[in-house]
Each structure stands twice: as C-alpha cells, then as structure tokens.
Amino acid sequence: MDSANSNLKLVVTGLLLGILMAAMDNTIVATAMGTIVADLGGFDKFVWVTSAYMVTVMAGMPIFGKLSDMYGRKRFYIFGLMMFLVGSALCGLAQDMVQLSIFRAIQGIGGGALMPIAFTIVFDVFPPEKRGKMTGLLGAVFGTSSVLGPLLGAYITDLFSWHWVFYINVPIGLVSFILIWRYYQESPQHTKQKIDWTGATTLVLAVVSLMFALELGGKEYSWDSMQIISLFAAFFLFFLVFIFAERKAEEPIISFWMFKRRLFATSQILAFLYGATFVILAVFIPIFVQAVYGGTAKNAGLILMPMMLGSVAGSGIGGGFQTKTSFRNLMIVSIVSYFAGMYMLSSMTPETTRLSLTLYMILVGFGVGFSFSLLPTASIHNLDPRYRGSANSTNSFLRSLGMTLGVTIFGTIQNKFFTSELKDAFSGVQGGGAPNMNLGDPQQLFESGQRAQMPDFVLDKIVLAMSDSITFIFMLSLIPIALAAVTILFMGKEGVTVNQESKTD
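Just remember that my numbering sits 66 ahead of the position in the sequence shown, which is counted from 1.
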C-alpha cells in the first residue's frame, strides 16, 4: 500500500511538471520575443512564433483527448512529452524566424496532449474523495504557470540567453517522462473505436483558420481585408462541416450529447468566459504598472505575484471543498470574488496605491483560482471513463479559445481607446499632438529614459490615457463575468459524491 501511494505521488509529480511546461510556454516566450527578434531578425514574421504554438495546441486538444479515451492515456501523454521536448530543443537551435515558427508548431502538438490528459489521468487513478485536492493542485500549477511565465522569461533571457527559454523545458520534461513511464500503470483494457477522420480534419482546419484570422487581423492585415475575411469565412465553412460530421459520426471527436448534461454544458460556458477575462489581467496589469506607475518590465512581472498567490489559494480551497458542497455553491464564491476584484480594478486611477492594486489582485486571483480546479472536475463528473478524455479536452479547448478571443478583442478595444484618448488630449496642444511618439507602443513610450525626457504635461496626459484605456477594458470585462454569474445559477445541485463513483442525472 505504501509503495502504491509512493508511486501515485511520483505520477502526480510527473503530471505537474508536464502542466508547468505546457501552460507556461506561451507566456514565457512572449517576454523574450524582443531579444529573439533582435538576434534572428524577421520582425515581420514574429507573430507566427506565437500563432504556430497556439494553433497546434488548440487543434490538438480535442483530438488527443478522444484518442486517449480510445487507446489509453499513457501512450498519448508520453507522445505529447516527446513532441514537446523535441520541439523545445529545436526551438533553441533555430537560426531564423521561419525555423522557430515551425519548431514552435511541433512544440504545440505536444502541448495539446499534455494539459487535458494530465487532468484526466488524475480522475482515473484517484478515488472521488481525493480528486478534489489533486485537481486543486493541478489547477494551482496551471494558474501559477500563466502568471509566472512572463517574469521567468524576462529573467532567463537577461541572465542566460533567449535559447534557454526553450532549453529549460528539456530537463523538466525528461523528469516528467521518466516518472510517468516508470510509475504510471494504466489498465490495458480500452474500448476500440473508429477514428473520426472527417471530424478531426475539419476541426483542425476550422481552428487554424480562426487562429490565423485573429492573430493576423489588425497586425499583418486590416480587419476588413480580403485575407482576413477569407479566413473567417473558411472558419465558418469548416466549422459547419465539422458539426454536420460530428452528428453523423459513430465516435465523434466532440460528443455533442454531453452538452445535454446541464453540469457539463455550464462548465464549458464558464471555462470560455473565465478564460476570456482572466487573460486580460495577465496582459494589462503589467502594462498598467509599467506605463502608469513607471515600473520596469521585471517589476511589472513581479506585480502579478499577489494574483498568482490568490489563484493558488482559490484553486486549493475549491478543490478541497468539492466533496463538501455542490459545484454551484463553490462557483458562487468564485464569481463574487472575481466580480468584486475586477470591479475594483476598473475603478483604478494613476493615484491608486500599489497596496490597493495588490489587494485587488489577490481578490480577483482568488476568484479565478476556483475555476482551475472546479471546472475540469465538473466536466468529467459522473461520466464513464471512456468519455473523460474527450470531456476534459473540450473544457481545456474552450478555455484556450476564450483566452485567444479575449486577448484579441479586448486588446483591439484598448488600443483604439488609448489612441482616441491621446488624440483628444493633444488636440488643443499647439502642433496638434506630441511629436516623435509612437502612441500605440506603451512599452516604448514608458521606458525610464524616455519618461525623464518628456515634459510633465505630456507625460501626465499619456499616463491618464493609458490608465483610462486599461480600466475601461476591466469595466467591459464585467459583462462576460456577469454572464458567467448567470450561467453558474444553472449548474444545478450536483457535487462530488464520495461513496459512489457515478450516478445518473
């Protein structure tokens, strides 16, 4: 018995390391991108480095989740690790932006398998009374990775080189590989099913079209350009074909019948809404600190630490109380804290103290943290083991989709609001504005050297415009958070049942 418990601990350690790598890899690279561009060149292609990873991660999640249901978790988790490690090593060796983008796509294939399968393995190996604590732990690592990534990326780039942003995955991944390979003993019995190739192909094409449209729109091409319109049209076409194919398939990639279950459907909606709003905190709070307070990039990363600690606490408490009350009751605690924290963030001004910002972040992080452990659990709750991989990967996919849409839509709105505020602020200034300033690049504007050279009246106007644009985004985010609150009310009274594995709805 002691040996079995020791093996389980080692398996969980391996899973945590895998989640740490995959969840952190997108944000850790973002902070190193300036250095990478300076070294490799190809500024016009750097957007593909992020896009390639996100596209393959999102496209792979539902497919690997379904395949793990059909042929076993272990083989596809190991496959994901191998692809991720190979991609990481190749990224560190890349000689130009094209190579780096291709290698990032290989990384993304692995990342698409790691996150959803890790949560599913926990459900397979732990009894109901222990799953809450374990998913709370995994959720805490996921939340921590999202916030810690930018800070770690900045430090690794400064202390070593941008190559080590990728190389650091290799030792971590090898430890995870050894632990899972050696200590995870999976049942050899699996249900052989037909692979839904039509569904898989159309899903990949739909996701690729949507992701490229969102990543290139407003950057490489204008939103009303033929290229972007064609990509959105391709997305709708392939998505419609995907839905039709899934309704006809014997074993679909995404089983729509699961959405008839109230708890499953509401959990997917919540994953999407929480993802769409949480991501703007990780993006815009550091910008607020750097542009409004005048902090450095590293200080901007450190300022997220209270939100990370809050999310870890929320994830742990949410997981620990799963067996004591319903999912709905716990998510009500989550949404109240989340809404209150976001509302307070939306009320900030340049005069808001650092202490106040810290308290707001703890509150909002605590609310978000519940979702990291509760929503994956609710998605799988009372499902037959052969559907768990598909259910969990659907939840991860929709959270990632929400994050992508959120950062694109809210980012576009913030940029337009900021530019408009600046134009209004300088419309009465002689000359019609502030010369020699890139108004759309706050990081460039608010470097300490440039701040010192600005006249006070110019700096004050820019700081106020930046502050107003960011708090406006936080205020807008209250709309999807309010929708999430309504969704929570429809979750029903289900909770984790300790004494029985499953029950019918």
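Don't be surprised by glycine CBs; every beta carbon is placed ideally from N, CA and C.
Practice task
Would you check if the distance between the CB atom of G385 and the CB atom of K199 is smaller than 9 Å?
Solution key: Sequence index remark: in the sequence shown, residue 385 carries index 319 (1-based). Sequence index remark: in the sequence shown, residue 199 carries index 133 (1-based). Yes. Within cutoff.
Practice task
Sort F243, A379, S117 and V307 by Cα distance to V152 and report the nearest one.
Solution key: On the sequence shown, position 86 is the one that residue 152 refers to. Ranking the options by Cα distance to V152, first place goes to F243.
Exercise for the section: With distances taken Cα to Cα, identify the nearest neighbour of V123 among T478, A444 and Q173. Expected result: Taking the sequence shown and counting its residues from 1, one reaches residue 123 at position 57. Out of T478, A444 and Q173, Q173 has the C-alpha closest to the C-alpha of V123.
Problem - According to DSSP, residues forming a beta bridge with G283 - result: Here residue 283 corresponds to residue number 217 of the sequence shown, with the count starting at 1. The partner list for G283 (beta bridge, DSSP) reads Y287.
Practice task
Return the CA-CA distance between V430 and M371, expressed in angstroms with no decimal places.
Solution key: For this step, residue 430 is matched to residue 364 along the sequence shown. For this step, residue 371 is matched to residue 305 along the sequence shown. V430 and M371: Cα-Cα distance of roughly 12 Å.
Handout entry: Nearest residue (CA-CA) to T474, options N73, H447, L217 and S117
Key = The residue labelled residue 474 in the question sits at position 408 within the sequence shown. That would be S117, whose Cα lies nearest to the Cα of T474.
Handout entry: Alpha carbon of S288 to alpha carbon of S275, nearest angstrom
Key = Start at 1 with the first residue of the sequence shown, and residue 288 comes out as number 222. Start at 1 with the first residue of the sequence shown, and residue 275 comes out as number 209. Going from the Cα of S288 to the Cα of S275 covers about 16 Å.
Practice task
Could you please give the first and the last residue of the uninterrupted alpha helix (DSSP H) stretch that includes R139?
Solution key: Translated into the one-based positions of the sequence shown, residue 139 becomes position 73. Note, R139: alpha helix (DSSP H), R139 to L159.
Practice task
Please report the Cβ distance between L549 and A444, rounded to the nearest whole angstrom; I am assuming they are in contact, meaning their Cβ atoms lie under 8 Å.
Solution key: Translated into positions along the sequence shown, residue 549 becomes position 483. Translated into positions along the sequence shown, residue 444 becomes position 378. That belief does not hold up - the Cβ atoms of L549 and A444 are roughly 17 Å apart, past 8 Å.
Problem - For G435 and K379, the rounded distance between their alpha carbons - result: Residue mapping note: residue 379 aligns to position 313 of the sequence shown, counting from 1. Residue mapping note: residue 435 aligns to position 369 of the sequence shown, counting from 1. Going by the sequence as given, residue 379 is Ala instead of Lys. Using only the alpha carbons, I get a separation of about 7 Å.
Handout entry: Reference R394; option with closest CA among M427, T553 and A184
Key = For the purposes of this step, residue 394 is identified with residue 328 of the sequence shown, where counting begins at 1. Comparing Cα-Cα distances from R394 to each of M427, T553 and A184, the minimum goes to T553.
Practice task
Quick one: which unbroken alpha helix (DSSP H) runs of 4-plus residues sit fully inside the segment 381 to 441? Chain order, please.
Solution key: 393 to 412
Exercise for the section: Mark A357 as exposed unless 16 or more other C-beta atoms lie within 10 angstroms of its C-beta, in which case mark it buried. Expected result: Looking up residue 357 in the sequence shown gives position 291. Buried is the call here.
Handout entry: Helix, strand or coil at P318 [DSSP, three-state]
Key = Within the sequence shown, numbered from 1, the residue matching residue 318 stands at position 252. In the structure shown, P318 sits in coil (DSSP, three-state: anything other than H, G, I, E or B).
Exercise for the section: Go through its chain and collect everything with a Cβ distance to I401's Cβ below 8 Å, but skip five positions before and after it. Expected result: By one-based count along the sequence shown, residue 401 stands at place 335. If we look at I401 and ignore the five residues flanking it on each side, its Cβ neighbours are G433, I547, A550, A551 and I554.
Practice task
Determine the extent of the alpha helix (DSSP H) in which H574 is found, giving its start and end residues.
Solution key: No answer is possible for residue 574: the residues shown for the chain start at 67 and end at 571.
Practice task
Alpha carbon to alpha carbon, how far is F463 from F338? Give it in angstroms, no decimals.
Solution key: Along the sequence shown, read from residue 1 onward, the residue named residue 338 stands at position 272. Along the sequence shown, read from residue 1 onward, the residue named residue 463 stands at position 397. When rounded, the distance between both Cα atoms is 9 Å.
Exercise for the section: Figure out for me which residue from I351, I335, Y359 and S377 has the closest Cα to the Cα of V207. Expected result: For the purposes of this step, residue 207 is taken as residue 141 along the sequence shown, with counting starting at 1. The residue with the shortest Cα to Cα distance from V207 is S377.
Practice task
Check whether the Cβ atoms of G146 and G341 lie closer than 9 Å to each other.
Solution key: Sequence index remark: in the sequence shown, residue 146 carries index 80 (1-based). Sequence index remark: in the sequence shown, residue 341 carries index 275 (1-based). Against a cut-off of 9 Å, the Cβ pair of G341 and G146 comes out as no contact.
Practice task
Starting from R170, trace the alpha helix (DSSP H) both ways and give me its first and last residue.
Solution key: In the sequence shown, the residue the question calls residue 170 occupies position 104. Run containing R170: M163 to V191, per the alpha helix (DSSP H) assignment.
Practice task
Given a cut-off of 9 Å, decide if L440 and T186 are closer than it, judged by their beta-carbon atoms.
Solution key: Numbered from its first residue, the sequence shown carries residue 186 at position 120. Numbered from its first residue, the sequence shown carries residue 440 at position 374. Not a contact, by the Cβ cut-off of 9 Å.
Handout entry: Three-way DSSP call (helix, strand, coil) for M67 in this model
Key = For the purposes of this step, residue 67 is identified with residue 1 of the sequence shown, where counting begins at 1. Caution is warranted here: a pLDDT of 47 is assigned to M67, below 50, making its placement in the model unreliable, and no coordinate value can be reported.
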